[in-house]
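Written out below as structure tokens is the structure these notes cover.
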Amino acid sequence: MPAPSPSDPRVRIRDVAERTLLVETTTAADASAVYERLRTRWGSVAPIDLEPGVPAWLVLGHAEAVGVLRDDRTFIKDPSIWRGHAENLLGPQSALHLVLPRAPKPTLADADGVKHTRMRPPVDDALSQVDEARVGAITRRLCGMLIDRFEDRGRADLVAEYAAVVPFLVLSELDGLEPDQAQRLQEITRAIFESGASARERTAELLEIVTGHIAHSRRLGTQDIAGVLAVHDNFESDLERAQTLTAITLAANESLLAWVAQTLALVLSDPRFSHRVSGGRLHIDDALDEVLWRSTTNPNLMPRFATHEVVIGDKLIERGEAVIVGVHAANHDPLVQSDDPWDTVGNRAYLSFGAGPHRCPAPRLGRVIARIAVAELLQRLQVTLVGDPDQVEWATSPWMRFPARLPVTFPSPSEQPPHGTWPADPDDADDGYAVGPPGY
Ligand code: HEM
Numbered sequence: 297m298p299a300p301s302p303s304d305p306r307v308r309i310r311d312v313a314e315r316t317l318l319v320e321t322t323t324a325a326d327a328s329a330v331y332e333r334l335r336t337r338w339g340s341v342a343p344i345d346l347e348p349g350v351p352a353w354l355v356l357g358h359a360e361a362v363g364v365l366r367d368d369r370t371f372i373k374d375p376s377i378w379r380g381h382a383e384n385l386l387g388p389q390s391a392l393h394l395v396l397p398r399a400p401k402p403t404l405a406d407a408d409g410v411k412h413t414r415m416r417p418p419v420d421d422a423l424s425q426v427d428e429a430r431v432g433a434i435t436r437r438l439c440g441m442l443i444d445r446f447e448d449r450g451r452a453d454l455v456a457e458y459a460a461v462v463p464f465l466v467l468s469e470l471d472g473l474e475p476d477q478a479q480r481l482q483e484i485t486r487a488i489f490e491s492g493a494s495a496r497e498r499t500a501e502l503l504e505i506v507t508g509h510i511a512h513s514r515r516l517g518t519q520d521i522a523g524v525l526a527v528h529d530n531f532e533s534d535l536e537r538a539q540t541l542t543a544i545t546l547a548a549n550e551s552l553l554a555w556v557a558q559t560l561a562l563v564l565s566d567p568r569f570s571h572r573v574s575g576g577r578l579h580i581d582d583a584l585d586e587v588l589w590r591s592t593t594n595p596n597l598m599p600r601f602a603t604h605e606v607v608i609g610d611k612l613i614e615r616g617e618a619v620i621v622g623v624h625a626a627n628h629d630p631l632v633q634s635d636d637p638w639d640t641v642g643n644r645a646y647l648s649f650g651a652g653p654h655r656c657p658a659p660r661l662g663r664v665i666a667r668i669a670v671a672e673l674l675q676r677l678q679v680t681l682v683g684d685p686d687q688v689e690w691a692t693s694p695w696m697r698f699p700a701r702l703p704v705t706f707p708s709p710s711e712q713p714p715h716g717t718w719p720a721d722p723d724d725a726d727d728g729y730a731v732g733p734p735g736y
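Here the working numbering is used: the first residue of the sequence shown is 297, the next is one more, and so on.
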């Protein structure tokens, strides 16, 4: 990307007095309207606030977003060069301490250049050896176990009791963790999210458990995700292996939570899907794709930081400034998409799994888990959404978009029609899990 001349009259972030808060894009009833307002006012790159008074650039154009994601020499994950640094801009309770620490986080998602090039192959190797049929069986069994817990009640919150729990359980099993370890890790993860700035001790405990699990997997020679990481030569230590295993699990957890919850909300509220089981026109995969097009799960990617001055359009991005890729906005760029919802059917050209060196390593695996989680629920229960689907309250994360709650009712088992084509697993009875939803 071109460097500006010193007399360049382009827009600088510090000259913009009023900036939209990023979280408006994820909590608005109509997120597209917020992005379109920004696009109309600012073009392909808009000045926004991460929190009041904490500025960043939001990339709205599809071509510009791909350019930022692919150019990992200009836009890096290391926050050390962030203009102003966290201690000057963020209050002690700021949630941004978790995503914008003063030093780079040690995971591959936050690594740049040579380090990322070293840490990514083990992740690709570990995830590519996962057998999809096994993932399907595990997901089906764990979904069945969760549905068993609330089936007799006639009502449930499909976010807290289902979408937020399924991904962690499935990934934990693929990681080779025992149910009690998975439960402890989920408790710690929740505590880390809730404790904000003072999460260091809990992170140490989490890494101790996972490091022990890595060593255990190596001793046993397991073939699960932990087993592959445990013997991979690209790592310099078991701590790196543990950090990578944790990063994989958390990355999957958040995105899948949002994908499953949003897809359930869509299928349960949209008449195009409601007759699916009796031969409707659209399949669950179409609903999964439509969510990624219309209201994607990761609408704003974690910040990158400019290593030198860059011009995009008429905006001057200075060295160290934070740049957020707006995936939702890029997916809706009029240059790549029309307003016709049928255009999305079977079309997977969205940016929802990212692009460039940090693109998601598990789009297929994620789809298998999400598809089965949605299908299993619909096969087992005749659920009806409680309340107006247009009045959904969205969770308040600026990075993820998913309903805060999805209250449903359904007839008790004796009133249900027979189960669909996927039978419950006979091993469900004594599941050994006592895991609750994570604290997002
Ligand atoms: C089994 C499920 C999943 C696993 C194991 C997984 C794992 C990961 C990991 C480890 C990364 C970091 C890669 C790197 O930095 O090199 C990543 C990135 C990403 N994942 Fe996934 N993921 C899963 C599902 C999903 C789903 C369902 C979505 C969205 C629908 C998603 C969207 C993304 C995006 C957008 C990025 C790029 C982030 C960025 O560039 O800043 N992932 N994923």
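Heads up, the beta-carbon is just placed ideally off N, CA and C, and yes, glycines get one too.
The Cβ atoms of Pro699 and Val688 sit closer than 7 angstroms to each other. Relative to the Cα of Leu535, the nearest Cα in the group Ile505, Ala429 and Ser693 belongs to Ile505. Ser591 has its alpha-carbon roughly 28 angstroms from the corresponding atom of Asp610. Ala538 and Ala548 have their C-alpha atoms some 16 angstroms from each other. Within the DSSP secondary-structure output, Ala691 pairs in no beta bridge.
In the pairwise beta carbon analysis, the stretch 351–361 is classified as touching the stretch 334–341: at least three pairs are separated by under 8 angstroms.
Distance between Val419 and Ala313, taken at the CA atoms: about 43 angstroms. For Leu612, the secondary structure class from DSSP, reduced to helix, strand or coil, is strand. Boundaries around Asp345 are those of the beta strand (DSSP E), Val341 to Glu347, since no alpha helix (DSSP H) includes it.
Inter-segment contact for the stretch 669–678 and the stretch 422–434 is absent: fewer than three beta-carbon pairs are separated by less than 8 angstroms.
For Phe464, the secondary structure class from DSSP, reduced to helix, strand or coil, is helix. Counting along the chain, Arg600 sits inside the beta strand (DSSP E) bounded by residues Arg600 to Ala602. Within the DSSP secondary-structure output, Arg451 pairs in a beta bridge with Thr705. The closest CA to that of Gly622, considering only Val527, Leu681, Gln519 and Arg335, is found on Arg335. Counting the other Cβ atoms within 10 Å of the Cβ of Asp476 gives fewer than 16, which makes it exposed. Across the structure, Val350 and Arg676 are spaced so that their CA atoms are roughly 47 angstroms apart. In the structure shown, Arg308 falls within a strand segment according to DSSP collapsed to helix, strand and coil.
Closest in C-alpha terms to Thr545, from the list Ala487, Ala626, Arg449 and Gly662, comes Gly662. Pro659 sits in a helix when the DSSP states are folded into three classes. Per DSSP, reduced to three states, the secondary structure at Pro630 is coil, with no helix or strand assignment. Its chain contains Arg369, Thr370, Phe371, Ile372, Ile377 and Arg615 as the residues whose beta carbon lies nearer than 8 angstroms to that of Thr603, once the 5 sequence neighbours on both sides are disregarded; these appear in chain order. Taking the Cα positions, Thr403 is about 14 angstroms away from Arg655. Ranked by how close their Cα comes to the Cα of Ala361, the residues Ser708, Pro685, Gly683 and Gly652 have Gly652 in first place. Boundaries of the alpha helix (DSSP H) harbouring Ile544: Asp534 to Ser565, taken from the DSSP string. For Val621, the enclosing beta strand (DSSP E) stretches over residues Ala618 to Val621.
The nearest non-hydrogen atom of the ligand HEM is less than 6 angstroms from the C-beta of Met598. The Cβ-Cβ distance between Leu465 and Leu560 does not fall below 7 angstroms.
Proximity to Trp695 across Pro685, Thr593 and Ala583 peaks at Thr593, based on C-alpha coordinates.
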